[in-house]
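A short write-up of the structure that comes next.
Protein chains in written order, with our numbering: chain V, 50 to 523; chain G, 67 to 357.
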């Protein structure tokens with residue numbers, strides 16, 4: 050095996066020492082002066098300080114968004130709105146490298162992912178929805194689709210810029226204005242996006258960014274918005290659904306998952322192994338649709354596991370800014386302890402853990418890729434979302450058993466199917482209770498393709514023609 | 067009018083294709099608007115609601131697995147059966163609501179026409195709502211609406227037949243199965259509608275009809291983990307509706323709030339969710355992701 054020389058990314062983005070809240074087109078500090086730090090998870094060093102929005106700030110931002118929606122953004126022609134979004138997409142493409150590096154620093158994910166996936170896909174999302182802004186009446190939802198008004202949006206830390214794009218692009222294209230709360234551990238690219246909105250001359254109040262933690266999000270849910278769009282954990286999604294019950298607020302939720310990645314005995318095994326690795330180790334496994342349960346047919350289980358372990362041995366864990374890095378840092382100390390705790394239950398319940406022999410950096414939050422074998426359906430590692438680089442392997446004998454096991458979860462976000470037989474793919478896709486099914490591939494995303502879950506993975510779609518429904522009154 | 071003693075009907079529940087009394091053995095008197103006692107209806111219990119959900123769950127996969135063409139024919143058959151008994155339903159409706167006979171008949175005719183309308187939707191809504199997505203890569207990417215599963219319906223209180231048909235038809239046209247809590251004070255037309263469904267080749271369990279107290283039974287349906295959608299159209303009390311919506315949040319059910327209007331397509335959309343399937347088109351894509 051060849052050794053790799055370090056290949057650190059050389060671009061360094063402009064990161065301010067302090068960021069304010071972005072309200073009504075300006076950066077301002079919180080009314081109560083609250084501030085928190087954002088930490089680089091690969092070094093545990095503080096990157097910058099940022100204002101933390103409280104109730105009063107939420108009220109101000111929502112009022113600004115309301116004024117902007119009623120006076121400027123709502124009445125504006127769709128083609129003009131679209132041009133602003135095209136402009137934002139172009140600016141994102143121009144600053145792609147800066148955003149990619151900043152995202153890696155703040156989130157801990159490898160630069161090859163931010164560079165090749167997060168940022169380009171975010172730009173595509175703005176480009177795609179820009180084109181919808183003057184074509185909403187042709188979306189097939191109704192003859193006279195109207196914006197909902199002001200939308201409150203709360204996003205997670207796993208894909209900070211991309212989740213922002215998934216939320217803001219369709220909302221703006223449909224004529225709404227937004228108040229968005231980025232996750233407390235990853236506010237950087239949202240604040241850089243706010244600067245980009247200024248550069249694009251986006252009218253004040255159309256986009257408002259309020260960094261903060263759970264209390265800020267709860268205040269936003271309680272505020273005078275017309276709709277809440279949330280991506281995050283099922284527990285918080287459930288609490289939001291309870292809160293809006295009995296109100297007129299609309300709600301879309303993109304929540305947790307425990308996806309099955311099913312490998313049949315007639316699958317192309319090398320491709321399947323690549324797909325299994327991509328499914329669970331992409332973004333350190335911090336992916337709601339991660340293929341965290343491998344269901345492999347008994348007759349090929351030994352062979353698949355052998356190839357899988359050999360492949361995982363080659364994964365490079367370390368400096369997120371090294372272009373050779375496959376697996377970066379865990380996003381926070383809190384998430385790391387959650388992964389550790391759940392992983393310990395796996396061993397405690399009798400599953401067998403395997404990890405490759407790889408060195409971990411001394412500082413920062415790190416977790417070795419982990420494969421559990423001998424997993425039973427009743428174990429916590431087979432039922433609960435770990436949200437880390439931990440794969441649970443189960444086996445099956447018949448296709449019916451595979452489907453039954455795959456669907457044996459309260460979640461229903463995604464699933465994978467590996468087989469060379471087309472009719473078997475369609476058979477399985479029909480029966481899997483999941484919003485997205487990947488056949489002979491995994492973790493593919495596109496602005497033109499609706500994404501979202503069933504059951505306790507939430508409701509509503511993001512992307513595609515169907516994603517517009519979440520932001521229109523038809 | 068002859069002297070013959072009229073044979074009166076016992077109004078029972080419709081669960082799993084059968085007509086049981088409430089397992090609780092309870093019933094409650096149902097009167098017309100003028101106070102005339104019409105019948106004793108079964109007073110459904112929590113256990114009846116759970117039996118109905120179990121029947122609906124059992125029937126859902128096979129019902130969704132039928133061809134859309136067949137689902138359409140069965141809905142049309144239900145329209146045929148209702149047409150044949152329009153006179154009886156007009157009479158029951160007039161007794162229940164106090165409507166003039168002509169008006170009651172016209173309401174029944176509207177219900178028949180609604181069934182015919184949705185019979186025609188079964189093999190069309192998926193192509194209207196779904197489609198192929200032009201993704202930026204070598205993949206065939208396809209989206210189509212799929213049924214949520216089991217939908218619990220609190221049927222409208224003052225429109226006991228047409229309102230119920232308008233709530234139930236889009237849900238089952240889209241491949242869901244339903245548990246319906248009929249109008250509390252006017253349940254008889256709904257319970258007779260079960261007889262129409264039972265003779266329409268509709269598999270048992272696709273539609274389950276309960277009569278009883280909304281405040282007693284609806285909370286169990288709202289909290290039931292095997293119910294995927296909740297239609298609160300017939301919940302008049304705003305506090306009760308909010309409480310039911312909050313209970314439904316525990317298992318993240320899709321909820322339709324009271325008073326929400328919608329086109330037929332909106333109603334079909336309400337009880338479906340999109341599934342998107344990605345498939346490589348070409349060998350380059352089959353090589354997998356970024357690793």
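Think of the CB as a built atom: it goes at the ideal place given N, C-alpha and C, for glycine as much as any other residue.
Proximal residues to residue 139 of chain V (C-beta, below 6 angstroms), its chain only, five neighbours per side dropped: For residue 139 of chain V, there are no CB contacts under 6 angstroms within the same chain when 5 residues up- and downstream are skipped.
Under the three-state DSSP convention, the category residue 197 of chain G falls into: strand
Residue 313 of chain G versus G:327, G:337, G:288, residue with shortest Cα-Cα distance: G:288
Outcome for residue 109 of chain V when other beta-carbon atoms lying within 10 angstroms are tallied against a minimum of 16: Buried.
Closer than 9 angstroms at the beta carbon, the chain V residues around residue 216 of chain G: Chain V residues near residue 216 of chain G: none, gap ~12 angstroms exceeds 9 angstroms.
Test: residue 298 of chain G CB closer than 8 angstroms to a CB of chain V: no
For residue 329 of chain G, three-class secondary structure by DSSP: coil
Residue 346 of chain G: contacting residues in chain V (beta-carbon distance under 8 angstroms): Within chain V, the residues placing a beta-carbon under 8 angstroms from that of residue 346 of chain G are 488, 489, 490, ordered along the chain.
Bridge partners - residue 218 of chain G, DSSP secondary structure assignment: G:245, G:296
Neighbour flag for residue 274 of chain G against chain V, beta carbons, 8 angstroms: no
Spatially closest choice to residue 85 of chain G from G:305, G:273, G:340, by CA coordinates: G:273
Interface flag, residue 78 of chain G vs chain V, CB-CB below 8 angstroms: No, no contact with chain V.
Where residue 310 of chain V falls: helix, strand or coil (DSSP): strand
Rounded Cβ spacing between residue 419 of chain V and residue 439 of chain V (contact assumed at less than 8 angstroms): That pair is a contact at about 5 angstroms.
Candidates V:275, V:213, V:306, V:271, of which the one nearest residue 289 of chain V by Cα: V:271
Alpha helix (DSSP H) runs wholly inside the region 224 to 308 of chain V, at least 4 long, in chain order: Uninterrupted alpha helix (DSSP H) stretches at least 4 residues long and entirely within the region 224 to 308 of chain V occur at 237 to 248, 263 to 271, 283 to 293, given in chain order.
Short CB-CB distance (under 8 angstroms) between residue 186 of chain G and chain V: Chain V contact via Cβ: absent.
Burial state of residue 368 of chain V (16 or more Cβ within 10 Å): buried
Per DSSP, the bridge partner or partners of residue 274 of chain G: G:245
When V:178, V:159, V:60 are compared against residue 520 of chain V, the one with the closest alpha-carbon: Across the set V:178, V:159, V:60, the C-alpha of V:178 shows the shortest separation from the C-alpha of residue 520 of chain V.
CA-to-CA distance, residue 443 of chain V to residue 399 of chain V, given in whole angstroms: Answer to the nearest angstrom: the Cα atoms are 13 angstroms apart.
Euclidean distance between Cα positions of residue 344 of chain G and residue 417 of chain V: Across the structure, residue 344 of chain G and residue 417 of chain V are spaced so that their CA atoms are roughly 30 angstroms apart.
Below-8 angstroms beta-carbon distance, residue 510 of chain V vs any chain G residue: Judged by the 8 angstroms Cβ criterion, residue 510 of chain V is in contact with chain G.
CB contact check: residue 355 of chain G to chain V, cutoff 8 angstroms: Per-residue confidence for residue 355 of chain G stands at a pLDDT of 48, beneath the threshold of 50, marking its modelled position as unreliable; the derived number appears in the next sentence. Yes, residue 355 of chain G counts as interfacial toward chain V.
Near-chain G residues of the region 360 to 379 of chain V - C-beta to any C-beta below 7 angstroms: 375
Residue closest to residue 434 of chain V, alpha-carbon to alpha-carbon, out of V:242, V:297, V:339, V:415: V:339
Residue 327 of chain V to residue 364 of chain V span [Cα, whole Å]: Whole-angstrom Cα-Cα distance: 11 angstroms.
Rounded straight-line distance, which links the Cα of residue 249 of chain V to that of residue 263 of chain G: 60 angstroms
Backbone CA spacing between residue 258 of chain V and residue 112 of chain G [nearest angstrom]: 47 angstroms
Outcome for residue 320 of chain V when other beta-carbon atoms lying within 10 angstroms are tallied against a minimum of 16: Counting Cβ neighbours within 10 Å, residue 320 of chain V comes out buried, since at least 16 surround it.
Per-residue contacts from residue 532 of chain V into chain G (C-beta, under 7 angstroms): Past the boundaries of the shown model lies residue 532 of chain V; chain V is included only from 50 to 523, so the question cannot be answered.
CB contact below 8 angstroms: residue 312 of chain G versus chain V: yes
Residue 290 of chain G versus G:81, G:119, G:110, residue with shortest Cα-Cα distance: G:119
Interface flag, residue 315 of chain G vs chain V, CB-CB below 8 angstroms: yes
Nearest-angstrom Cβ-Cβ length linking residue 243 of chain G and residue 154 of chain G, presumed shorter than 8 angstroms: Actually they are not in contact, since the Cβ atoms of residue 243 of chain G and residue 154 of chain G sit about 26 angstroms apart, beyond 8 angstroms.
Identity of the residue in V:269, V:343, V:237, V:206 nearest residue 456 of chain V by Cα: The closest CA to that of residue 456 of chain V, considering only V:269, V:343, V:237, V:206, is found on V:343.
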